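Peer 1:
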Amino acid sequence: MNIQPDQVSVRQFYEAMVATITPRPIAWVSTIDAEGTCNLAPYSFFNGVGANPPTLMFCPANKGDGTAKDTLANIRANGEFVVNVVTEAFFDAMKLSASDVAADEDEFTLTGTQKAPSDFVKPPRVRDVVAAMECELLTSMQLGVGPGGANLVVGKIVSIYVADSALDESGSLNADQIRPIGRMGGPRYTKTNDQIE
Numbered sequence: 001m002n003i004q005p006d007q008v009s010v011r012q013f014y015e016a017m018v019a020t021i022t023p024r025p026i027a028w029v030s031t032i033d034a035e036g037t038c039n040l041a042p043y044s045f046f047n048g049v050g051a052n053p054p055t056l057m058f059c060p061a062n063k064g065d066g067t068a069k070d071t072l073a074n075i076r077a078n079g080e081f082v083v084n085v086v087t088e089a090f091f092d093a094m095k096l097s098a099s100d101v102a103a104d105e106d107e108f109t110l111t112g113t114q115k116a117p118s119d120f121v122k123p124p125r126v127r128d129v130v131a132a133m134e135c136e137l138l139t140s141m142q143l144g145v146g147p148g149g150a151n152l153v154v155g156k157i158v159s160i161y162v163a164d165s166a167l168d169e170s171g172s173l174n175a176d177q178i179r180p181i182g183r184m185g186g187p188r189y190t191k192t193n194d195q196i197e
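Sequential numbering of the sequence shown, starting at 1, is according to full-length UniProt numbering.
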């Protein structure tokens, strides 16, 4: 069987993509608008791009009416965002933050998630996350139009916050202590506790 994008609906092709591109890391992106309202939303089309310069990318799709999501609008307006790492402790809040709410509603408040100030950018990070990356916008590109139209955001990482709990005795990052949640196809997620070498 071959699934071709011009032979099925956008939704059907999306479902084929997310069932085969797995597990995907989750960028839990916090931004802030000109009035100071914070936005917090998850994106699983996300990954690192390179280390020199240190960059990452994620892809916010357009809303159902074809307009940009609040995350993208805020980043385009002020050029800053934070990518929070989602672990099991924040799983329910992360899912709730994906709700479609008005631009003036703060998803931190909606989810009961506490804010912590960032060191180099205006948007806050999620308090008590094990890791978060403060970013400045390098470029954004509109890849598609209309409902579900893809947009690419590439950010330069200016700082990585790591909780003390994720450091070993020498003060080095211990990746085994981060244990992020990954996104599978449909409504399914996976833990990263079980690892192989």
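We put the beta carbon where it would ideally sit given N, CA and C, even for glycine.
In this text the structure is predicted, and so the values were computed from the model without any measurement.
Going by DSSP, what residue range makes up the alpha helix (DSSP H) through T71?
Peer 2: As a first step, residue 71 must be located in the sequence shown, where it is residue number 71. That run of the alpha helix (DSSP H) goes 70-78.
Peer 1: Fully enclosed by the region 88-150, which beta strand (DSSP E) runs are 3 residues long or longer?
Peer 2: List check, beta strand (DSSP E) in window: 131-142.
Peer 1: Three or more beta-carbon pairs under 8 Å between the region 104-111 and the region 133-153, yes or no?
Peer 2: These segments do not touch.
Peer 1: For T190, which three-state DSSP category applies?
Peer 2: Residue 190 sits at position 190 when you count from the first residue of the sequence shown. Three-state result, T190: strand.
Peer 1: Are the CB atoms of P23 and T190 nearer to each other than 8 Å?
Peer 2: Counting from 1 along the sequence shown, the entry for residue 23 is found at position 23. Counting from 1 along the sequence shown, the entry for residue 190 is found at position 190. Yes, these two residues count as a Cβ contact at 8 Å.
Peer 1: Ends of the beta strand (DSSP E) at F46?
Peer 2: Position 46 of the sequence shown holds residue 46. Looking at the DSSP string, the run of the beta strand (DSSP E) that includes F46 is 46-51.
Peer 1: Between Q173 and V162, which are expected to be in contact by the criterion C-beta below 8 Å, what is the C-beta distance as a whole number of angstroms?
Peer 2: If you number the sequence shown from 1, residue 173 lands on position 173. If you number the sequence shown from 1, residue 162 lands on position 162. Going by the sequence as given, residue 173 is Leu instead of Gln. Sure, about 6 Å apart at Cβ, within 8 Å.
Peer 1: Residues in its own chain within less than 7 Å of V49 by CB, not counting five upstream and five downstream?
Peer 2: The residue labelled residue 49 in the question sits at position 49 within the sequence shown. So the list reads T55, L56, M57, V154, once near-sequence residues are dropped.
Peer 1: Here's a check: name, in chain order, each residue in its chain whose Cβ is nearer than 7 Å to the Cβ of V18, leaving out the five neighbours to either side.
Peer 2: By one-based count along the sequence shown, residue 18 stands at place 18. The residues are G185.
Peer 1: Figure out for me which residue from F90, A93, V126, L137 has the closest Cα to the Cα of A77.
Peer 2: The residue labelled residue 77 in the question sits at position 77 within the sequence shown. Nearest C-alpha to A77: L137.
Peer 1: Please list, in chain order, all residues of the same chain as E35 whose beta carbon is under 8 Å from its beta carbon, the five residues on each side excluded.
Peer 2: Position 35 of the sequence shown, counted from the start, is the residue given in the question as residue 35. Cβ within range, chain order: D104.
Peer 1: Grouping DSSP H, G and I as helix and E and B as strand, with all else coil, what is A16?
Peer 2: In the sequence shown, residue 16 corresponds to position 16, counting from 1. DSSP places A16 in helix when its eight states are reduced to three.
Peer 1: Please classify N62 as buried or exposed, where buried requires at least 16 other C-beta atoms within 10 Å of its C-beta.
Peer 2: For this step, residue 62 is matched to residue 62 along the sequence shown. Classification for N62: buried.
Peer 1: Provide the residue(s) that pair with I32 in DSSP beta bridges, ordered along the chain.
Peer 2: By one-based count along the sequence shown, residue 32 stands at place 32. C38, per the DSSP bridge assignment.
Peer 1: Taking the alpha-carbon of I75 as reference, which of P53, K115, S30 has the nearest alpha-carbon?
Peer 2: Locating residue 75 in the sequence shown gives position 75, counting from the first residue. The shortest C-alpha separation from I75 is found at S30.
Peer 1: So A27 packs on V101, CB below 8 Å; how close in whole Å?
Peer 2: Along the sequence shown, one-based indexing puts residue 27 at 27. Along the sequence shown, one-based indexing puts residue 101 at 101. Contact flag wrong, Cβ pair sits at about 19 Å.
Peer 1: Classify N47 as buried or exposed, calling it buried when 16 or more other Cβ atoms lie within 10 Å of its own Cβ.
Peer 2: On the sequence shown, residue 47 is found 47 positions in, with the first residue counted as 1. Its Cβ having fewer than 16 others within 10 Å, N47 is exposed.
Peer 1: Apart from the five residues on each side of it in sequence, which residues of its chain come closer than 7 Å, Cβ to Cβ, to L167?
Peer 2: Translated into the one-based positions of the sequence shown, residue 167 becomes position 167. So the list reads L173, N174, once near-sequence residues are dropped.
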